[in-house]
Each structure stands twice: as structure tokens, then as C-alpha cells.
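Structure, as C-alpha cells:
Right under this line is the structure:
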């Protein structure tokens, strides 16, 4: 069918082809069908969207990836991309081969799948699982479609936490300790997606985090390490697309998680990696048994990819550190490096750093390196190399001036400090965009509580945000206090 | 967050809320998140879409279902609809309860699910299946969201074919026979979705098929039956939405199929139903065992819903009748009613009509009714009641004048007549929109073939469409002829 190409903007980065309902019926094209568009001797493919109003009969609207298509074009029905057949195969619980997973990854990378098809992929992987072989092949395919770094060192250290724990900003401390011990640790981190602060958001309190690959190389040459945002480097880029379908469904299938993490590590040129797997109520991994299985699978896939993986199974039920939100977590990080700071953050950082040092074959003690001030010195060098102020101290890092402290309305014991509720509250207060917004947690699980004791403080940058967070706080109970003397929580 | 509401048209019937990327980040809203929109004391919910260009920061764009929202509105994050949790539960292979399936069906009906979530529902049902209990509850939920007809008769006959067979236009013949026997059979049928002709498309060759419920009632009062398009009557309306996600994945899970069919039958007020289940290579159901299982499940769910179901398992590998396409199938139908016509169509119609008569407790023979001319007389009364010309004869129904006959290039036996290839060819020739386009099939499986024998004829309304179909025919082999003397198909 001959049609006149026009450009349309409907807010998508997918190659959609808008057909008037009349032309679509004539062509026999249904939504999500593909059409082949031939023009000036070239052929391209788009996903059909039907419309009564946006384009007239006789014309065809092209979204941004197809804006180069001009003039009279010949539109014919095309088959679905090959990968849709493989998605269907996985829905049928049949093991996929290497080339089939490659095709799926390539089609996701090139935006060729519709939301329906992408979601079916995620659903199939979630519900039917991936075998170890499939996970290996998927990891390789995800690595291959992105950029890859190399460092010219036999040992390149790295760590990753599978997330879900409030605070938990151990990475800057570990990088400082490990690089002070002479190892190379070029760390790329993420910004918050659903949390109040990613490591990149916390580091941005100190310095820049967005750098080109060349700039990263010069920072690492100078300091042995870096603490930058990974999103600027295009390592394993399909991960973000897959997460886009996982998030609404709140699924994060193990095989996909392993492939996402290890493809990023491999792309980053890492050779020795510690994976932090927090488990427990409300964490991504609920049971110790599941955490152990995930750890074993991480190690097996790592071996196949020649990335030496070791795993730390940690407590994922309570927050780590006292602060939640970029500035408040930055303050905790710096306090630990200064030799003070929350014990939970210091202890977890030291344990993971010791594991990583040992894993890399370095005989050194994280506690010694911390106490000697060499980790702080290294951290300030990295901050300076990333364009930040190296003389900042933890007391300089002020949280948002608008604040409220929530106090205990009864005496008892803190029986639960809820990661998810704390994250929701910190986000409502403005984190991560308002970098000084967030929470300070005053009590930990098993602490004894008197009536009127402070439980947590909300900080915001504006009165309006504080009021919003307070409204939410009234409906939540992020720090649960159980009276030892009364079985009744409240009567209403 | 206070924003100014504007209307946008991006070709969707979903309640989308377009936020500028800056506002979305401030709000912490990701794609597919929900936001609550408060305005003038009213609250409504929409699905987030982020954009850099379509709306400016400070404004919020509303798609058509939200076009009533005007002025300054307050936008806050809202949770996902409850049904997303139940979809996730089904992905986890946990049986859903009645109220959970009701919630899913209601949210689909009210367009509250994104494509990602809808696809996850379809994927979960496909890969984990539905129990008999779930299928019953789903059927009830699907019935409840649509309109329901009632006829005031103790016995209302109906039939349904699960489809996939070319030609196969048995319905007008069965309705004519069964209503001539004195039964009530108000038949609603579909238009083609991926086939070259639905029963409604075939009937439209004779008369109108789109009527209001009142009009249908008066047609049925006059003639005992009708042959109308179901899409105009809003019976079990979520079916179309679910099909929208099933089609791209080529999945049609049994439980969902049963619920879709029986919810339509129940909504239509049918009490006694014959389900035609064609099976075989290329059909929806591949094996006899699977067809039997499906039949048993249909009957069990029917019993629960007080719809008396009986099933006919039929051959689904070859076409039924000679014509494919609205006019060509109409010609076959009328020829059978006139006492002639293709034997395969006559035989299948008679067998199904006999089953339905017996199932309804009527002692009559379909062959007798056909041969007596009473079925033809009844058919012409229905056509007249639906505004058509009752004196049309099968010879009056001329296919498209542009035609080519494809002939055998070798001698042998017809070993396969491929439904899917024939459908593709008929559509390429213009069916169903060009109602006189389609195919005439000259040979059936096991027929002996001489070199030069006609295999099938393509009809089109324009030379351009004929040429397109011819090009496709060169690449396909819808009627496969195997030489009995030579193992070699061709050498090239």
C-alpha cells in the first residue's frame, strides 16, 4: 500500500507506525503487527498503531526513530521479529538456546519489541525460570550489546548489592578501603530508581558522578578507583529496558538478576567481585535457603564468564546506617571514614571490604585501613579527582532544615524497622531529587523504648514536602514498638 | 504537585497522564506508575507516561478518557490497581479466588491496566493455566461486566467453533435448520480478526448484520433466529482486550478460551450449546487428546453456569467448503441450502445441526429439513428480516472478476491443504474488506492430481490485489502434491 509518510510525536522512543483505521483495515494490520516500509530503495520495520484522528487515510505517521522516512512509501505487512517466537517458546517452558537469547536481547536493545511482548518475556522468565545454561548465555548476550572497559590489571575489584535495604551506603567506604590497600576498583553505581538514594546520588553530594569513559580512566589512573554513575557509560544497556517491565509487576527473577549484575560487572572489566545478598522479611530474597541458592548460582555463572565471584549473605530486614536520603547517607559515610558514624554501617562495610581484600589475595585489614585514616585520605583523593571539595567534613553536611521527629506513643521494644515504609517516607519528603531530604532513624530492632523516645526524624527542604511526609507518616508505622505488658495495640 | 491540565491526543483509549520528565522526577513517578488527580472535589486515576516534549513542565496532559479534567489539578502518586497484585499471584502459580478474578476483569474492562500488566496476565494464565474453579469464576466475572440477553424460552440453541479452519461457514446453515425445526437460535457471530471472513462478514453479503438489542429481539420474534454481528451488542466486552494481548504472542490458553466462549454464550441467554473443536496440524488444538480434554472442561464449566454444553471434535487440518472469503463462502452456504454445494460443508453442517437438535431434545433430521427446502425458506426469512434481498440465488453471487488459477506442476496425490496459507492468500487478495475477494479450492487431501489440474483459483476485485496475491502464491504451497513415483520434490 502506497502512503505518504509524516512525522508524529506521541512521546515514545519505539519505532511506531501510525495507520489510519481505514488503511489499517485495508492492509489487514492489527495493533502490534509489524509493517515493512520501503522508501528510496531502503527497507525499515515498525510496530503498527491504529488511529482514527492522528493521521488521515492515505498518510502514515512515523515516531521519532523513523523520522528519517520521507515521501511516498510502500507499506506491507511483515512478520513479528524472530524473538517473539522465542518468547513464546519460553512461555511454553522450553529451554532457550544461546542464539535465541541473543536474538531476544538484540531485539530488546533495538527497541523492536512491544510492551506486550517485552512483558511476556519477563513473565516467562519469572514464572518458568532460567536454567544455569540459559543464565550464562543471557549474561553473555547482555554483555555483548554494550560497551566494555578494560584496565590492564590482572585484578580489578568490584562489589554489588542486590538492594532493597534503606541506608546501606557501604560502597564509598569499601572503595576507599580497597583502593587504599593498592587494588584497582573502578566502581560504577546506579541512581535511585524506586529508593530514596542510589550510591551515585550519595556521591553527588560530594562531587560530580557523570564522566566519559576517558575521564573515568584518568580518575582511576590517578586514584586506583572511582565512584561514578554507571548510566553514562552504556554498560549492558538492555538492563534498563527489562527493568521497565519488571518494576510494574514487582518481579525480579533470579536468572535475569544474575545476568543483569554479571553482564554489568563483566562489561566494566571486573575480575573479582563480592555480591551482597541481603535477605529477610521485605527484602528481595526472603529466606536464607533462597539466598544461598542465589549465591551458588552467581558463583557458577561467574566461573563460566571468568569473573571470580564470592557472595555475602547479609541481614536485609533492617536499615543499615542512620540516615536515609543522599545527604544523610553521605554524612554517615563520611563519619565512618572519619572513624565514627553508625556502627551498623561501619561493621557491614568492614566485613564486605575484608571479604573483597581476601578474595583479591591481598593480606590487609579493613579495620586497620579505616583506623589509620588511609581510607579517608583515599576517599578525599577520589572526591577531588571527580571535581569535588576534598576538605568537607561530616558535620558540614546539613540535612533539610524543615524537620519533625516522630516519638514513641508507648513503651516497649522496637520489634520491626520497615525498609519499605522508610523508603516511601524519605521519597515523600523529597529524596532523592531534594538531596537534603530524608530520614534519620534513631532506634534499631531490639532497642528498648520509653514513651516519648524519638523514633525517627523526617527532614525536608520545604514546608510543603515536610507536610506531605508527615501526612504519610500518620498512616505508616515504620518503627514498630511492641509493649511488653499489653497485648492490645490500640482501641478505636 | 499542582499542575495545569491540558488535553493531548496520542491515539490511545487508555487514561494516560503525560508528565514532563522534570515534573515526573520531582514526583518520583515512573512510566506505568499511577497518579491520583484531584480537581473540583473529584478524584480520578491515570497511568503515567513521561515526555520531554509533548507537555511542558508545570502542565499535565490528559488522554481522551480524562479529557473532562480541567484547570489546576493536584497530582500525587497512587498505588497500582489491586489487580496487578493478583496478576503477580498468578505468575507465582497460586490459584486465584473469585473476587481476585473479578477485580482483574473489572480493571481490564475499565482500561486500568497497562500493556505490560495485561500481557503479564495473559502470560501467567497461558503458562500456569487456570483450574476448573478459576475458569468458572473467570467466566462469571466476564459475563457480569457486559450486557445480558434473555429470551423467555426454556431452550435457546447456540453453537460456537473455536476457529482456525478456512471456509467452515456452517453457522448460517445450522441456524436455518435449527430454527426451521422450531427452536430459538439467536446467533451472534464475529467479524474476521486474522481470518479472511468471519460469519458476520459472510452474512453481510446477504443483509445487514449490525442491530441494536431491540432490533435483534424483533428479528428473533419474527423468525426464531438471527445471524448478526456480536460486536454491536457488548456481550462479554473484555474478551476483545484480552485478545489484543493474546494475538501478538499467538497464545490462546484453554481456560481463557473457555471463559471467553461461555461468557458470551451465557450473556446471549443461550441454554443449549454445541462447541465445535477442530483439531489437527495447524489448528488451535493439535491432538485428539487435547481436544477431548478441552471438550470435557467446556462441559464442566458449562454445567456450573447452567449452560448445557456438548462438544463436536472435528477435523481441523483441511478447509471446509470450497470458497474462502465473504462472497465465496456465502455462495457455498446458499448452494448447500439450495440442496447442492460442497459436500464437506453440507456434511459438517448436518452433523452439527443434528447434534444440536438432539441436544435440545428435538426429534428431527437435519438432512430432511435441508432436503425439504424448509432450511432455505427459513434462511430467506432471516435475510429479509435483516433487511436483505430474500430472492438471491447462489449463482447470483459473483466473486471478484480478476482471477488466476494455480495448476499442478506435477502428477500425484494432494497430501496437504494448508489452512493458514490459504487464509494468508485470501487476505492478500483483499478479503474480508473486498468482500468478493478470496479463493476457490479445487482439490482436497487424498485427491489424485494430474499435471496441469487446477488446484485453486484466486479472485480479487482489482488487478493490483490479484498481483499481490500472485506474488505471495509463488512463495507458498497451500495445496501440496506429492508425486507417487519420485522422492525428489525439485532440484535447483
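Residue numbers (the UniProt record's numbering), protein chains in the order written: chain A, 1 to 492; chain B, 1 to 492.
Note that beta-carbon positions come from the ideal geometry of N, C-alpha and C, so glycine has one too.
Note that the structure is predicted; figures quoted are calculated from it, not measured.
Counting along the chain, where does the beta strand (DSSP E) carrying residue i start and finish?
{"i": "residue 3 of chain B", "result": "2 to 7"}
{"i": "residue 226 of chain B", "result": "225 to 229"}
{"i": "residue 360 of chain B", "result": "First-last for residue 360 of chain B: undefined, no H or E at that position."}
{"i": "residue 106 of chain A", "result": "It is not in any beta strand (DSSP E) - residue 106 of chain A instead sits in the alpha helix (DSSP H) that spans 98 to 109."}
{"i": "residue 404 of chain A", "result": "402 to 407"}
{"i": "residue 187 of chain A", "result": "185 to 189"}
{"i": "residue 153 of chain B", "result": "Premise fails: residue 153 of chain B is in no beta strand (DSSP E) and is neither H nor E."}
Mind checking if residue i is an interface residue toward chain E, Cβ cutoff 8 Å exclusive?
{"i": "residue 31 of chain A", "result": "No chain E is present in this structure, whose protein chains are A and B."}
Compare the beta carbon distance of residue i and residue j with 8 Å and say whether it is the shorter of the two.
{"i": "residue 278 of chain B", "j": "residue 438 of chain B", "result": "no"}
{"i": "residue 4 of chain B", "j": "residue 44 of chain B", "result": "no"}
{"i": "residue 352 of chain A", "j": "residue 167 of chain A", "result": "no"}
{"i": "residue 238 of chain B", "j": "residue 115 of chain A", "result": "no"}
{"i": "residue 104 of chain A", "j": "residue 333 of chain A", "result": "no"}
{"i": "residue 432 of chain B", "j": "residue 326 of chain B", "result": "yes"}
{"i": "residue 41 of chain A", "j": "residue 17 of chain A", "result": "no"}
{"i": "residue 23 of chain A", "j": "residue 57 of chain A", "result": "yes"}
{"i": "residue 62 of chain B", "j": "residue 122 of chain B", "result": "no"}
{"i": "residue 1 of chain B", "j": "residue 55 of chain B", "result": "no"}
{"i": "residue 520 of chain B", "j": "residue 266 of chain B", "result": "Because chain B here runs from 1 to 492, residue 520 of chain B falls outside it and cannot be looked at."}
{"i": "residue 336 of chain A", "j": "residue 349 of chain A", "result": "yes"}
{"i": "residue 417 of chain A", "j": "residue 445 of chain A", "result": "yes"}
{"i": "residue 420 of chain B", "j": "residue 282 of chain B", "result": "yes"}
Go to residue i, then tell me how far its alpha helix (DSSP H) extends in each direction, as first and last residue.
{"i": "residue 45 of chain A", "result": "Premise fails: residue 45 of chain A lies in the beta strand (DSSP E), 42 to 51, not in any alpha helix (DSSP H)."}
{"i": "residue 245 of chain B", "result": "238 to 249"}
{"i": "residue 295 of chain B", "result": "288 to 304"}
{"i": "residue 123 of chain A", "result": "115 to 128"}
{"i": "residue 20 of chain B", "result": "Taken as a continuous stretch (DSSP letters only), residue 20 of chain B belongs to no alpha helix (DSSP H), being part of the beta strand (DSSP E) at 16 to 20."}
{"i": "residue 475 of chain A", "result": "463 to 475"}
{"i": "residue 267 of chain B", "result": "254 to 267"}
{"i": "residue 326 of chain B", "result": "326 to 337"}
{"i": "residue 384 of chain B", "result": "374 to 385"}
{"i": "residue 202 of chain A", "result": "199 to 203"}
{"i": "residue 134 of chain B", "result": "132 to 144"}
Residue i to residue j, Cα distance in whole Å?
{"i": "residue 406 of chain B", "j": "residue 457 of chain B", "result": "6 Å"}
{"i": "residue 31 of chain A", "j": "residue 401 of chain B", "result": "32 Å"}
{"i": "residue 208 of chain B", "j": "residue 323 of chain B", "result": "21 Å"}
{"i": "residue 163 of chain A", "j": "residue 285 of chain A", "result": "10 Å"}
{"i": "residue 64 of chain B", "j": "residue 37 of chain B", "result": "15 Å"}
{"i": "residue 125 of chain A", "j": "residue 138 of chain A", "result": "11 Å"}
{"i": "residue 49 of chain B", "j": "residue 11 of chain A", "result": "8 Å"}
{"i": "residue 13 of chain A", "j": "residue 120 of chain A", "result": "20 Å"}
{"i": "residue 249 of chain B", "j": "residue 269 of chain B", "result": "32 Å"}
{"i": "residue 88 of chain B", "j": "residue 424 of chain A", "result": "21 Å"}
{"i": "residue 221 of chain A", "j": "residue 215 of chain A", "result": "10 Å"}
{"i": "residue 481 of chain B", "j": "residue 422 of chain B", "result": "15 Å"}
{"i": "residue 448 of chain A", "j": "residue 343 of chain A", "result": "18 Å"}
{"i": "residue 100 of chain B", "j": "residue 86 of chain B", "result": "6 Å"}
{"i": "residue 404 of chain B", "j": "residue 454 of chain B", "result": "10 Å"}
{"i": "residue 493 of chain B", "j": "residue 307 of chain B", "result": "Residue 493 of chain B falls outside the range modelled here, since chain B spans only 1 to 492, and no answer is possible."}
In chain order, what residues of the same chain have a beta carbon less than 7 Å from the beta carbon of residue i, not counting five sequence neighbours either side?
{"i": "residue 329 of chain B", "result": "167, 169, 197, 202, 321, 323"}
{"i": "residue 498 of chain A", "result": "Given that chain A is displayed from residue 1 to residue 492, the structure contains no residue 498 of chain A and the question cannot be resolved."}
{"i": "residue 294 of chain B", "result": "254, 277, 285"}
Since residue i and residue j should fall inside the 8 Å C-beta cutoff, what is the C-beta to C-beta distance between them, to a whole number of angstroms?
{"i": "residue 385 of chain A", "j": "residue 450 of chain A", "result": "Going by Cβ atoms, the distance from residue 385 of chain A to residue 450 of chain A rounds to 47 Å, so no, they are not a contact pair."}
{"i": "residue 460 of chain A", "j": "residue 469 of chain A", "result": "6 Å"}
{"i": "residue 193 of chain A", "j": "residue 316 of chain A", "result": "That pair is no contact at about 17 Å."}
{"i": "residue 364 of chain A", "j": "residue 181 of chain A", "result": "4 Å"}
Short of 6 Å in beta carbon distance, which residues of its chain neighbour residue i, apart from the five on each side in sequence? Order them along the chain.
{"i": "residue 157 of chain B", "result": "178, 183, 185, 272, 356, 360"}
{"i": "residue 84 of chain A", "result": "117"}
{"i": "residue 298 of chain A", "result": "258, 275, 309, 311"}
{"i": "residue 463 of chain B", "result": "402"}
Quick one: what's got a C-beta closer than 8 Å to residue i's C-beta in the same chain, skipping five residues either side?
{"i": "residue 95 of chain B", "result": "131, 133, 134"}
{"i": "residue 234 of chain B", "result": "146, 147"}
{"i": "residue 292 of chain B", "result": "313"}
{"i": "residue 190 of chain A", "result": "198, 199, 200, 229, 230, 231"}
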